[in-house]
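Student:
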Amino acid sequence: MRHLDRAELTQLLDSPVFHLIGDVADEMGVDAYVVGGYVRDLFLERPSKDIDVVVIGSGIAVAEAVARRMGRGAHVSVFRNFGTAQVHWRGEEVEFVGARKESYSHDSRKPIVEDGTLEDDQQRRDFTINAMAVCLNRERFGELVDPFDGVWDMEDRLIATPLDPDVTFSDDPLRMMRCIRFATQLNFEIETETWEALHRNRERIRIISQERIIDEIQKFMASDAPSRGWELLFQCGLLEIIFPELYALQGIETMYGRAHKDNFWHTLEVLTNVVRALAADDRERADNGLWLRWAALLHDVGKPKTKRYDPAQGWTFHNHNYVGEKMVPQIFRRMKLPMDERMKYVQKLVSLHMRPIVIADEEVTDSAVRRLLFEAGDDIDDLMLLCEADITSKNQQRKQRFLDNFQLVRRKLVDLEERDRIRNFQPPVSGEEIMERFHLPPCREVGTLKTAVKDAILDGVIPNEYEAALAFVIEKAKKMGLEVGRG
Ligand code: CTP
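What the sequence shown shows, in this note's numbering, is residues 711 to 1197, in sequence order.
1) Nearest to ARG1043 by CA position, among MET842, LEU1159, PHE953 and LEU1059, is which residue?
2) Between ALA987 and the rest of its own chain, which residues show a CB-CB distance below 8 Å, the 5 nearest in sequence each way excluded?
3) Nearest by alpha-carbon distance to GLY947: which of ILE917, ARG916, PHE930 and LEU908 is it?
4) Since GLN796 sits in a beta bridge, which residues does DSSP pair it with?
5) For ALA735, I'd like the list of residues in its chain whose CB is within less than 7 Å of its CB, leaving aside the five on either flank, ordered along the chain.
6) If GLY769 sits next to GLY793, beta carbons under 8 Å apart, how far is it from one beta carbon to the other, in whole angstroms?
7) According to DSSP, is ARG938 helix, strand or coil?
8) Rounded to a whole number of angstroms, what is the C-alpha to C-alpha distance between GLY1191 and GLY1170?
9) To the nearest angstrom, how far is it from the Cα of ASP830 to the Cα of ALA958?
10) Please report the residue range of the beta strand (DSSP E) in which VAL844 lies.
11) If contact is defined by three or more beta carbon pairs under 8 Å, each pair taking one atom from either stretch, is the region 1086-1094 in contact with the region 970-977?
12) Pick helix, strand or coil for ARG922, following the three-state DSSP scheme.
13) Which whole-angstrom value is the C-beta distance of VAL1251 and LEU1008, which I expect to be below 8 Å?
14) Where does ARG712 fall in DSSP's three states?
15) Are the beta-carbon atoms belonging to ILE869 and GLU906 less than 9 Å from one another?
16) Have a look at MET1145, THR1102, PHE1116 and LEU1047 and flag the residue whose alpha-carbon is nearest the alpha-carbon of ILE1198.
17) Expressed to the nearest angstrom, what Euclidean distance is found between the alpha-carbon atoms of ALA989 and SER937?
18) If you count every other CB in all the chains shown that lies within 10 Å of the CB of LYS1189, and 16 or more means buried, which is it?
19) Is LYS759 a contact residue of the ligand ADP, with contact defined as CB to any heavy atom under 8 Å?
20) Taking ARG810 as the reference, give the member of TYR1032, ALA893 and ASP825 with the closest Cα.
21) I'd like the ranges of any beta strand (DSSP E) spanning at least 3 consecutive residues and lying wholly in the region 966-1054.
22) Kindly indicate which residue of PRO1021, PRO872, TYR1032 and LEU949 has the alpha-carbon position closest to the one of ILE890.
23) Does the pairing of the region 1082-1090 with the region 1123-1130 give three or more beta-carbon distances under 8 Å?
24) I want to know whether the region 1100-1116 touches the region 1145-1152 - three or more CB-CB distances under 8 Å.
25) Looking at ARG778 and ALA784, is the spacing between their C-beta atoms short of 9 Å?
26) Considering only residues of the same chain and omitting the five flanking positions on each side of ASP760, which have a CB-CB separation below 8 Å?
27) Any chance the CB of LEU884 is under 8 Å from a heavy atom of the ligand CTP?
28) Contact defined as beta carbons within less than 8 Å: I believe ASN1031 pairs with GLY1012. What is the distance between those atoms, to the nearest angstrom?
29) Taking all protein chains shown into account, do 16 or more other C-beta atoms lie within 10 angstroms of the C-beta of ASP863, making it buried, or fewer, making it exposed?
30) In its own chain, which residues sit with a C-beta less than 6 Å from the C-beta of LEU1082, not counting the 5 before and 5 after it?
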């Protein structure tokens, strides 16, 4: 965090838009302050986007006057029921609001009364670090107003509410999610009373829409340490309410002295490993690996449903990857995550995440690697990254053996890809060609022949080439008693 005195704040705010707002406010005889996230980010040296301005008087009137002075190219939208107005100008967006006593109108049809002082407005905000204001009026330009010691909390790296946290959280329970999101994004601690209030108020989260909850989750999922967000959610009791499938992974059971690992903490370790591997990976990713992070989070989500104790084998989670694969769309739908190719990608990684481990545990055969490549297609590199992240064994020897075998799998993947071009492979003899040659309508035999060619190529019986595939199909068809046409 950077310490900023008035001169430095003045310099940082030295742009036409802030001076214009200050001048207009002076002319109208009201005070105007830049407030909230914008001020916080100045101290944290983070790029800030939207500007929030609070006016001690009518925010709408100042916004309209500011837009008039900006002239053409400025556009103002007024939301009278919320007492706010947005001004768009030269790519910047400024939101104006009048200082108010109540931050939330319980009846949105009733226009909000703008009758508060600056401090009324500040104390109705979520956290002390978000409740700092800097004056824009000419005489006091750059003066910081920080009645709740947001600067100290930034220095101590603390998330704390300006008021009694029970009041702040019951005003808007989404703030519980914001609390955890900020703690995770900024790597701050949560102040003790605020933390206790999270626990006490957790049930109130049920009145918040899933869209707003997932928004906060996505923000911390994209941060440097998303596992910490999940850990905090778990510890304050919110996780059990908002994400029961993930919560169910927690716990260790023991039978006849044999215990299984805690799959919740294991999952968080895998997520952390994935984030680390992504940082070291130089491939361009539009989404910062967000969906690979989700795949890590969900890779073992099928485990609680498949857990059995077998006297011979100990604890087993047979087919947990397939059960997990089925759960992914259900979870995405409920959490309001996108039900498109991003969900399919997560589903595919969850489904395939055991394959490289099984291959690496046994002999690494060409056939097994070809099949893996065929099924994973272009996602093979992400799958390998996930699987390496999944090796969290504390037994160094065992861990090394897996990692060495993974290297072997990776080398074979490269070799086979060069030789056989299996990735995104389409069998060289199509279903139509089979139907034509053997005078067949669409029927089971066509499917059998197609599968046989695919298997022969993946098993390395024939090369991935048209001539060889055609000869193979004809041979196979003869064996099946089909009559071969000239085609
Ligand atoms: N705010 C609040 N309670 C909320 C949401 C927002 O008190 N539930 C206040 C905070 O003062 C916050 C400001 O409104 O700083 C702006 O909110 P928003 O734009 O949602 O978030 P930022 O704090 O700017 O953070 P980010 O841009 O990282 O979302």
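Glycine included, C-beta positions come from ideal geometry on N, C-alpha and C.
Tutor: Result, derived from the coordinates:
1) Position 333 of the sequence shown, counting from 1, holds the residue named residue 1043. For ARG1043, the nearest C-alpha among the options comes from PHE953.
2) Taking the sequence shown and counting its residues from 1, the one referred to as residue 987 is at position 277. Correct list, in chain order: LEU1095, GLU1098 and ALA1099.
3) Here residue 947 refers to the residue found at position 237 of the sequence shown. Minimum Cα distance to GLY947 is reached at LEU908.
4) What you label residue 796 is simply residue 86 of the sequence shown in a count that begins at 1. Beta-bridge pairing links GLN796 to SER787 and GLU805.
5) Against the sequence shown, residue 735 aligns to sequence position 25. Correct list, in chain order: ASP741, ALA742, VAL765, VAL772, LEU846 and ASN847.
6) The count along the sequence shown starts at 1 and reaches residue 769 at position 59. The count along the sequence shown starts at 1 and reaches residue 793 at position 83. Between GLY793 and GLY769 the Cβ distance is about 6 Å, and since that is below 8 Å, they are a contact.
7) Walking along the sequence shown from the start, residue 938 turns up at place 228. DSSP places ARG938 in helix when its eight states are reduced to three.
8) The residue given as residue 1191 occupies position 481 in the sequence shown. The residue given as residue 1170 occupies position 460 in the sequence shown. One C-alpha to the other measures close to 25 Å.
9) Counting from 1 along the sequence shown, the entry for residue 830 is found at position 120. Counting from 1 along the sequence shown, the entry for residue 958 is found at position 248. Cα to Cα, the separation comes out at about 42 Å.
10) For the purposes of this step, residue 844 is taken as the residue at position 134 of the sequence shown. Segment 843-845, the beta strand (DSSP E) holding VAL844.
11) no
12) Residue 922 sits at position 212 when you count from the first residue of the sequence shown. Here ARG922 sits in helix by DSSP.
13) Summary: the structure shown does not reach residue 1251, with the chain confined to residues 711 through 1197, and so no result is reported for it.
14) Start at 1 with the first residue of the sequence shown, and residue 712 comes out as number 2. The answer is coil: DSSP assigns ARG712 none of H, G, I, E or B.
15) Walking along the sequence shown from the start, residue 869 turns up at place 159. Walking along the sequence shown from the start, residue 906 turns up at place 196. Their beta carbons are not under 9 Å apart, which means ILE869 does not touch GLU906 by this criterion.
16) The displayed coordinates of the chain run from 711 to 1197. Any statement about residue 1198 would go beyond what the structure contains.
17) Start at 1 with the first residue of the sequence shown, and residue 989 comes out as number 279. Start at 1 with the first residue of the sequence shown, and residue 937 comes out as number 227. Each residue's alpha carbon lies about 15 Å from the other.
18) Indexing the sequence shown from 1 puts residue 1189 at position 479. Result: exposed.
19) For the ligand ADP, the structure offers nothing, since it holds only the ligand CTP.
20) By one-based count along the sequence shown, residue 810 stands at place 100. Answer by Cα proximity: ASP825.
21) 1018-1020 and 1024-1026
22) Position 180 of the sequence shown, counted from the start, is the residue given in the question as residue 890. Of the listed residues, the one whose Cα sits closest to ILE890 is LEU949.
23) yes
24) no
25) Sequence index remark: in the sequence shown, residue 784 carries index 74 (1-based). Sequence index remark: in the sequence shown, residue 778 carries index 68 (1-based). The answer is yes: Cβ separation under 9 Å.
26) Against the sequence shown, residue 760 aligns to sequence position 50. Result list for ASP760: GLY747, TYR748, GLU803, VAL804 and GLU805, in chain order.
27) By one-based count along the sequence shown, residue 884 stands at place 174. LEU884 Cβ: within cutoff of the ligand CTP.
28) Within the sequence shown, residue 1031 is the residue found at index 321, counting from 1. Within the sequence shown, residue 1012 is the residue found at index 302, counting from 1. ASN1031 to GLY1012, Cβ: 6 Å. Contact.
29) For the purposes of this step, residue 863 is taken as residue 153 along the sequence shown, with counting starting at 1. ASP863 is buried by the Cβ-count criterion.
30) Position 372 of the sequence shown, counted from the start, is the residue given in the question as residue 1082. Answer for LEU1082: ARG1065, listed in chain order.
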